[in-house]
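Student:
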Amino acid sequence: MVLSLWRYAHLALALISSVFLVILAATGVILAVGAVNDKLPAYRIDEADTLNLAQVVPNLHKVYPEIITLSRDHRGFVSIDAIDEEGNPIKGYINPYNGEKIGEITQQSPFIQWTTALHRSLFLKETGRVIVAVVSFLLVLISISGLVLILKRQQGFKNFFAKVQKDFFSQYFHVVTGRLALIPVLIIAITGTYLFLLRMELFQGEAVVEQVSVGNSEDMEDGPSLSPADFPIFKSIPLERLESIEFPFIPDDPEEFYIVKLQDEELQINQISGQIVERTIFPSNKWQERWNMDIHTGRTNIVWAIVLGIASLNILAFIYTGFVITLKRSRTKIRNKFKPLDAETVILYGSENGSTLFFANKIQEQLLAAGEKSYLAAMNQYGTFPKANKILILTSTYGLGDAPSNAGKFLELLQSVPQDQSIAYAVLGFGSKAYPDYCAYAIEVDNALKELPWAKEYLPLHTVNDKAIDELIPWLQAFSDKSLLPLATAAAVYAEKPTKMQEWKVLEKTSISASNDTFKVILEPIKNQRYTSGDLFAIYPGNDHRERFYSIGKCGGKLQLIVKKHEQGLGSTYLHDLAVHDVIKAKAMRNAIFHFPRKAKEVALIFNGTGIAPFLGMIAENSKRTPIYCYGGFRYQNDWVNQYVRFAEEQMSKSHLVDYQFAYSRQEPGHYVMDLIAKDKLRFAKLLARGGVIMICGSLAMQRDVENLLDKICLEANNRPLSYYQKKQQLMTDCY
């Protein structure tokens, strides 16, 4: 809860100030570059600041008979306004050792002046200055709240610079550079705020004027006369303290003084005796303003100006990556069709950056599409689920083994809110093996569930490293096999950067009849699109978030779908209502785990019903003539199935297919595809032993029955379980 408050505060402050921060940061970058350029060419003479005025002034008088002013700016450049021996006016930067002119005085470019005005007041005068000050203060609060979030993420100062888990680039960049740029950004914000307060005279002080009694002008004139080289006060003032000297207009006139302006005071010095006539001590806010200005602008140091420029760039990057993080967290919209009291499958997620929620939502959408009463919620929303028979928990681990912010109360709720019925559970953990506490919170949740009398393990704890989809797929397959609820196993379905929609033109579509409820659709992409047999074709029949997937068969270079028409089927009805020449928006999604194994010595294809779709393309494209054995199950041998028979005969004549066997469950003698497999059990045992591959496509119920039968065959003939061959990728499935 505390973490959420800090996060919302951080976000709210950023939202409020973002537009102005963009302006201030962008102009800050420009002004930082200007500050660097301002130091080039370098008219600052090395070690000149160690000279005192008693050394500098006589040196200059040797070159310039008449000097009006001598100045030193914030860059350490010394400039003079004088007249040389030939009566020529001289204005420029000089070498204080010998008075040599080394450069012309330059003014800021109009662009830098314009940028400075925009940076300071947004061209709104005092109103703009107030806005800039408020935004600067908000930046202080943003930095502090960001620091708190990093400390909570890294578990304190001890681990402040420990490795950061990379969920995605924007999150990683935001945290890592946030740590590095924190101090410069804080300094920019604090000094900017303080400069405004000083200019508003909220810390106003008064100058202290000290009159020094040194006698009247006659006494000064009659007293000992000293040259500037012998003035004690000049000897005590190093050049680095100087801002400017106004030289006496009339030499040897006791009423004309040197007016020496230093960083903290101003002195009037008698030009004859070298005595101080008047000292004005500036209030502290004067030097504080100059000091804050130097730090805020980097005008005194090139390295610091570069640091400030990088920090300003980082502010722009923080704004961008911060909004990316926010959008990523909020992009996944939970659409619950059922209430928690009615749900049979409950999915609880723990997600810090939205990635785990994305995966949970993908599973939820597919369960709803399959007709399952599914409910998705954060782990902190755990409660009583009276009709639930399964609870799926997907959670990441935050920081060093802690719960994500929306799962922090879960373990406490788990103990205080028991379920009245037995519920099967499965825990899926997301993390990174780069950290010692890999999936630590998922492990803790799994252990807590094991101790509850009502919780029964449905699937063993499964972990996914760095959001690797290939590590997620085995869990999806295991869940589908056990629950008979279809979950897609194509990596593209779970890609956080979804495949773009493409336009597809309908080339051919067959019709259904009283004796046949299956139809074929052939399409081609309007623009070039790569796909192959075994990939998935995703359609959006409701023109919304609801996806429907169909296995692709690539035949004759065209995309072919085999679809069974369901009376209330959203996807099948949409496809059935298409007409030739219609153009639809859909996408072909790569499903590499169900591509034809090109290196396999031999392949057995097992399917029922519309599961034949990808195999039609694989057989037709078997140009290498890999031995293929086809086993299929249908209800009846009708005209539709006879098309497949003719296709198989044709492919056998091309040596694309060794043989085929079809079983018909609704006509005599009432065989199933398992009967065909049992009859040829030695073929299957030898095929696997020789390194061959078995591919299964069709219903989940059929898949489960076939796998059970194959397991028995493998144990009897090869003394190995089917799982041995599964681990060697010799069993490939895509079932629904």
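Heads up: the sequence shown begins at 10 in our numbering, then just goes up one per residue.
Glycine is no exception: its CB is placed at the ideal position from the N, C-alpha and C atoms.
Only a predicted model underlies this, so the values are computations on that prediction, with no experimental measurement involved.
Look up Ala613 in the DSSP assignment and say whether it is helix, strand or coil.
Tutor: As a first step, residue 613 is located in the sequence shown; it is residue number 604 there, counting from the start. Ala613 falls in the strand class under three-state DSSP.
Student: For a quick check, are the C-beta atoms of Asp668 and Tyr638 less than 8 Å apart?
Tutor: Counting from one through the sequence shown, the residue named residue 668 turns up at place 659. Counting from one through the sequence shown, the residue named residue 638 turns up at place 629. Yes.
Student: Which word fits Phe368, buried or exposed, when buried means at least 16 other C-beta atoms lie within 10 angstroms of its C-beta?
Tutor: Within the sequence shown, numbered from 1, the residue matching residue 368 stands at position 359. Looking at its Cβ environment, which holds 16 or more other Cβ atoms inside 10 Å, Phe368 is buried.
Student: Roughly how many angstroms lie between the CA atoms of Ser321 and Glu298, to the nearest whole one?
Tutor: As a working mapping, residue 321 is identified with position 312 in the sequence shown. As a working mapping, residue 298 is identified with position 289 in the sequence shown. So the alpha carbons of these two residues sit roughly 21 Å apart.
Student: Where DSSP assigns a beta bridge to Arg81, which residues make up the other side?
Tutor: Against the sequence shown, residue 81 aligns to sequence position 72. Partner(s): Val87.
Student: Could you give the residue range of the alpha helix (DSSP H) that holds Ser560?
Tutor: For the purposes of this step, residue 560 is taken as residue 551 along the sequence shown, with counting starting at 1. Where Ser560 is concerned, there is no enclosing alpha helix (DSSP H), although the beta strand (DSSP E) it sits in stretches over Arg557 to Ser560.
Student: Determine the direct distance from the alpha carbon of Glu453 to that of Lys633, and round the result to whole angstroms.
Tutor: Residue mapping note: residue 633 aligns to position 624 of the sequence shown, counting from 1. Residue mapping note: residue 453 aligns to position 444 of the sequence shown, counting from 1. Taking the straight line from one Cα to the other gives about 51 Å.
Student: In angstroms, rounded to a whole number, what distance separates the CA positions of Ala477 and Thr508?
Tutor: Locating residue 477 in the sequence shown gives position 468, counting from the first residue. Locating residue 508 in the sequence shown gives position 499, counting from the first residue. Roughly 17 Å separates the two Cα atoms.
Student: Please report the straight-line C-alpha distance between Ile324 and Asp303, rounded to a whole angstrom.
Tutor: Position 315 of the sequence shown holds residue 324. Position 294 of the sequence shown holds residue 303. Spanning the two alpha carbons is a distance of roughly 20 Å.
Student: Going straight from the alpha carbon of Pro413 to that of Gln373, what length do you get?
Tutor: For the purposes of this step, residue 413 is taken as residue 404 along the sequence shown, with counting starting at 1. For the purposes of this step, residue 373 is taken as residue 364 along the sequence shown, with counting starting at 1. Cα-Cα distance, rounded: 20 Å.
Student: In the structure shown, what three-state DSSP assignment does Pro462 receive?
Tutor: As a first step, residue 462 is located in the sequence shown; it is residue number 453 there, counting from the start. DSSP places Pro462 in coil when its eight states are reduced to three.
Student: Restricting to runs no shorter than 3 residues, where is the beta strand (DSSP E) found entirely within the segment 247 to 300?
Tutor: Fully enclosed beta strand (DSSP E) runs of 3 or longer: 251 to 255, 266 to 271, 274 to 279 and 285 to 290.
Student: Measuring only the C-alpha atoms, how far is Ala457 from Leu423?
Tutor: The count along the sequence shown starts at 1 and reaches residue 457 at position 448. The count along the sequence shown starts at 1 and reaches residue 423 at position 414. Cα to Cα, the separation comes out at about 8 Å.
Student: Considering only the alpha carbon of each residue, which of Lys663, Asn728, Leu666 and Arg713 lies closest to Ala694?
Tutor: Residue mapping note: residue 694 aligns to position 685 of the sequence shown, counting from 1. It is Asn728 whose Cα lies nearest to the Cα of Ala694.
Student: Check each candidate in Tyr434, Leu579 and Phe327 and name the one with the smallest Cα separation from Ala379.
Tutor: Along the sequence shown, one-based indexing puts residue 379 at 370. Minimum Cα distance to Ala379 is reached at Leu579.
Student: Considering only their Cβ atoms, is the gap separating Lys71 from Gly108 smaller than 8 Å?
Tutor: Here the question's residue 108 lines up with position 99 in the sequence shown. Here the question's residue 71 lines up with position 62 in the sequence shown. Taking 8 Å as the Cβ cut-off, Gly108 and Lys71 qualify as a contacting pair.
Student: Give the single residue among Glu249, Ile268 and Ala142 whose Cα lies nearest to the Cα of Arg208.
Tutor: Residue 208 sits at position 199 when you count from the first residue of the sequence shown. Checked all of Glu249, Ile268 and Ala142; the closest Cα to Arg208 is Ala142.
Student: Return the residue from the list Thr124, Lys491 and Ile343 that minimises the CA-CA distance to Glu716.
Tutor: One-based indexing of the sequence shown puts residue 716 at position 707. Among Thr124, Lys491 and Ile343, the Cα nearest to that of Glu716 is on Lys491.
Student: Which residue spans inside the segment 670 to 711 form an unbroken alpha helix (DSSP H) run of at least 4?
Tutor: As far as the segment 670 to 711 is concerned, its whole alpha helix (DSSP H) runs of at least 4 residues are 682 to 688 and 690 to 698.
Student: What is the residue span of the alpha helix (DSSP H) that Glu480 lies within?
Tutor: Walking along the sequence shown from the start, residue 480 turns up at place 471. Ile478 to Ser492 is the extent of the alpha helix (DSSP H) around Glu480.
Student: Quick test of the definition: if touching needs 3 or more C-beta pairs under 8 Å, does the segment 587 to 603 touch the segment 517 to 527?
Tutor: Counting Cβ pairs under 8 Å, three or more are found: they touch.
Student: What is the rounded straight-line gap between the Cα of Phe558 and the Cα of Gly551?
Tutor: Working through the sequence shown from its first residue, we reach residue 558 at position 549. Working through the sequence shown from its first residue, we reach residue 551 at position 542. Those two C-alpha atoms are separated by around 14 Å.
Student: In terms of alpha-carbon separation, which member of Ile535, Arg138 and Thr306 lies closest to Ile121?
Tutor: As a first step, residue 121 is located in the sequence shown; it is residue number 112 there, counting from the start. That would be Thr306, whose Cα lies nearest to the Cα of Ile121.
Student: Does the beta-carbon of Val65 have 16 or more other beta-carbons within 10 angstroms, so that it is buried, or is it exposed?
Tutor: In the sequence shown, the residue the question calls residue 65 occupies position 56. Result: buried.
Student: With Asp9 as the anchor, note down where its alpha helix (DSSP H) starts and where it stops.
Tutor: Outside the displayed range of the chain (10 to 745) lies residue 9, so it cannot be described from this structure.
Student: Ordered along the chain, which non-local residues of its own chain (more than five positions away) have a Cβ less than 6 Å from that of Ser27?
Tutor: Position 18 of the sequence shown, counting from 1, holds the residue named residue 27. Excluding positions up to five away in sequence, the list reads Ile328.
Student: On a CA-only basis, which of Tyr640, Phe671, Phe605 and Leu666 is nearest Asn651? Give me that one, please.
Tutor: Taking the first residue of the sequence shown as position 1, residue 651 is located at position 642. Per the Cα distances, Phe671.
Student: Would you identify the three-state DSSP class for Met302, choosing helix, strand or coil?
Tutor: In the sequence shown, the residue the question calls residue 302 occupies position 293. Looking at Met302 - three-state DSSP - the assignment turns out to be helix.
Student: Can you tell me the Cα-Cα spacing of Val682 and Asn168, whole angstroms?
Tutor: For the purposes of this step, residue 682 is taken as residue 673 along the sequence shown, with counting starting at 1. For the purposes of this step, residue 168 is taken as residue 159 along the sequence shown, with counting starting at 1. One C-alpha to the other measures close to 59 Å.
Student: Give the secondary structure of Leu317 by DSSP, where H, G and I count as helix, E and B as strand, and everything else as coil.
Tutor: Along the sequence shown, one-based indexing puts residue 317 at 308. In the structure shown, Leu317 sits in a helix (DSSP, three-state: H, G or I).
Student: Work out the CA separation of Ala397 and Tyr434 for me, nearest whole Å.
Tutor: For the purposes of this step, residue 434 is taken as the residue at position 425 of the sequence shown. For the purposes of this step, residue 397 is taken as the residue at position 388 of the sequence shown. About 10 Å.
Student: Mark Ala51 as exposed unless 16 or more other C-beta atoms lie within 10 angstroms of its C-beta, in which case mark it buried.
Tutor: In the sequence shown, the residue the question calls residue 51 occupies position 42. Exposed, since its Cβ has fewer than 16 Cβ neighbours within 10 Å.
Student: Could you give the DSSP three-state label for Val502: helix, strand or coil?
Tutor: Here residue 502 corresponds to residue number 493 of the sequence shown, with the count starting at 1. If DSSP states are grouped into helix, strand and coil, Val502 belongs with the helices.
Student: Helix, strand or coil for Ser26, going by three-state DSSP, please let me know.
Tutor: Taking the sequence shown and counting its residues from 1, one reaches residue 26 at position 17. Reduced to three states, the DSSP call for Ser26 is helix.
Student: Could you check if Asp90 is buried or exposed, using at least 16 other CB atoms within 10 Å of its CB as the buried criterion?
Tutor: Start at 1 with the first residue of the sequence shown, and residue 90 comes out as number 81. Burial call: buried.
Student: Closest to Trp296 by CA distance: which of Ile259, Leu251, Phe332 and Asp475 is it?
Tutor: Against the sequence shown, residue 296 aligns to sequence position 287. Among Ile259, Leu251, Phe332 and Asp475, the Cα nearest to that of Trp296 is on Leu251.
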